[in-house]
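See below for the structure under consideration.
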DNA sequence: TGTTATGTTCAGTTCTTACAGAAACAACCG
DNA sequence: CGGTTGTTTCTGTAAGAACTGAACATAACA
């Protein structure tokens, strides 16, 4: 009896697939992820093929991608030659890994480009001042976000969870910030 | 003399377009946004068409989308019948608006679905326990993130900026958290 | 060492989405 | 009220990405 047979599980998998597409992750990859997340045991690639109706090759590629994100890993099952796969079930862990990987793939190269452009523009006397200023500001902004992320990422998970739960109340610790805006 | 003529400006616009595609935003939309962001004056649709080499219709749709995100707005220029467009230049403001809109479009519906599925699964005795548990946990997790976001969003911008600059140091305020992990 | 089971890579196809151009529509102006 | 200017909607096409099936590679087993 496979997970996908339950209509709610199926709904979840399909929705997760669509979610993926909206965020630039291909449908198969996110469906495979959803399926593994719901499964209580490690699944061999063939089972995924059967349950999702995807081509073997597609599943293979998808699993590779999910492993690159670090949210799925291969496990060995006693007495079975085939590779089996399990998804990370700690959701906080899952989120941080996805964010880390996307930053690495997409944000870091952007910062690099912005750094290069700012540097060039700083030397270029003929450059329109507002172009220089806007690109520099974008560079600073994204870099600041990046630095913040790196720092927060380094905090122990329980601290992060506590901070999350605190929500807007963290503002209390900011000198001169007064009460959080109520609106 | 148009912004796009400068090679660095052009590089920025092209890169921004590619960035967009990776995050599920169409290329034209993000290119238009980049161009307006770099421009020091409001541009009519025609100028955008010329500078980016896109079809008129495409630009029109793109501008509509950017206005829906709240990061571009229409302005009237004295003595000119045409609509002109400017981008939000406050980057913090820009980011929060994009996040708000994406949450509205993609995250909120997901939370709604998860709520529905959890509720159904809670009533369904035949449901596999791990499926019920995993979906419920996902629901709780994303809801928590949503709540956190709503709270932080309500804070005044200067407070947010201060918090950002604090980075990992906010952990100091968490009772029992000790020093931030150095790793 | 051949044979079978398993996993990966690749070329071609299908499907989706972006995009252009035309036509319809609306606002403005003389 | 007709012409002019600008915007939106619609339909077909082109570009790109996802996906398949088959060929290829690898590892276990007999």
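Chains as they are written, first to last, in the working numbering: chain A, 1 to 183; chain B, 1001 to 1183.
Glycine included, C-beta positions come from ideal geometry on N, C-alpha and C.
List the DSSP bridge partners of residue 1038 of chain B.
Answer is none; residue 1038 of chain B lacks a bridge partner.
Quick check: the Cα distance between residue 1004 of chain B and residue 70 of chain A, rounded to an integer number of angstroms?
40 Å
Cutoff 6 Å; reference residue 1169 of chain B; Cβ partners in own chain excluding five residues on either side
none
DSSP beta-bridge partners for residue 85 of chain A?
A:43 and A:74
Return yes when at least one heavy atom of the ligand GDP lies under 6 Å from the C-beta of residue 1173 of chain B, else no.
No copy of the ligand GDP appears in this structure; indeed no ligand is present at all.
So residue 1069 of chain B contacts chain A; which residues on that side make the cut at Cβ distance below 9 Å?
Residues of chain A passing the Cβ test: none, with the nearest at roughly 14 Å.
Would you mind telling me which residues of chain B sit closer than 7 Å to residue 9 of chain A, beta carbon to beta carbon, in chain order?
1131
Could you check the C-alpha separation between residue 1007 of chain B and residue 1068 of chain B for me, to the nearest Å?
30 Å
Taking 7 Å as the cut-off, decide whether the C-beta atoms of residue 48 of chain A and residue 1159 of chain B are in contact.
no
Compute the beta-carbon to beta-carbon distance between residue 23 of chain A and residue 1024 of chain B, rounded to the nearest angstrom, for a pair I have assumed lies under 8 Å.
5 Å
Is there a Cβ of chain A sitting closer than 7 Å to that of residue 1065 of chain B, yes or no?
no
Residue 84 of chain A and residue 128 of chain A closer than 7 Å at C-beta
no
Using the beta-carbon count (16 or more within 10 Å), is residue 79 of chain A buried or exposed?
exposed
Candidates A:73, A:58, A:165 and A:72, of which the one nearest residue 1148 of chain B by Cα
A:165
For residue 1051 of chain B and residue 1018 of chain B, I'd like the C-alpha separation in whole angstroms.
17 Å
Distance, residue 1046 of chain B Cα to residue 96 of chain A Cα
43 Å
Any residues in the segment 133 to 164 of chain A with a beta carbon nearer than 7 Å to a beta carbon of chain B? Which ones, in chain order?
134, 135, 137, 138, 141, 144, 147, 148, 151, 152, 154, 155, 156, 159, 162, 163 and 164
Does the count of Cβ pairs from the segment 1025 to 1042 of chain B and the segment 129 to 147 of chain A closer than 8 Å reach three?
yes
Residue 91 of chain A and residue 1141 of chain B closer than 7 Å at C-beta
yes
Can you tell me where the alpha helix (DSSP H) with residue 1132 of chain B in it begins and where it stops?
1129 to 1153
Cα separation between residue 1182 of chain B and residue 1172 of chain B?
Bear in mind that the predicted position of residue 1182 of chain B carries a pLDDT of just 42, short of 50, making it unreliable; the figure below should be weighed with that in mind. Residue 1182 of chain B and residue 1172 of chain B: Cα-Cα distance of roughly 13 Å.
Length of the line joining the Cα atoms of residue 179 of chain A and residue 1138 of chain B:
Here the model assigns residue 179 of chain A a pLDDT of 48, short of 50, so the residue's position is not dependable, and the following value carries that caveat. One C-alpha to the other measures close to 32 Å.
Residue 1157 of chain B versus residue 1103 of chain B - alpha carbon distance:
19 Å
So, are the CB atoms of residue 1029 of chain B and residue 1065 of chain B less than 7 Å apart?
yes
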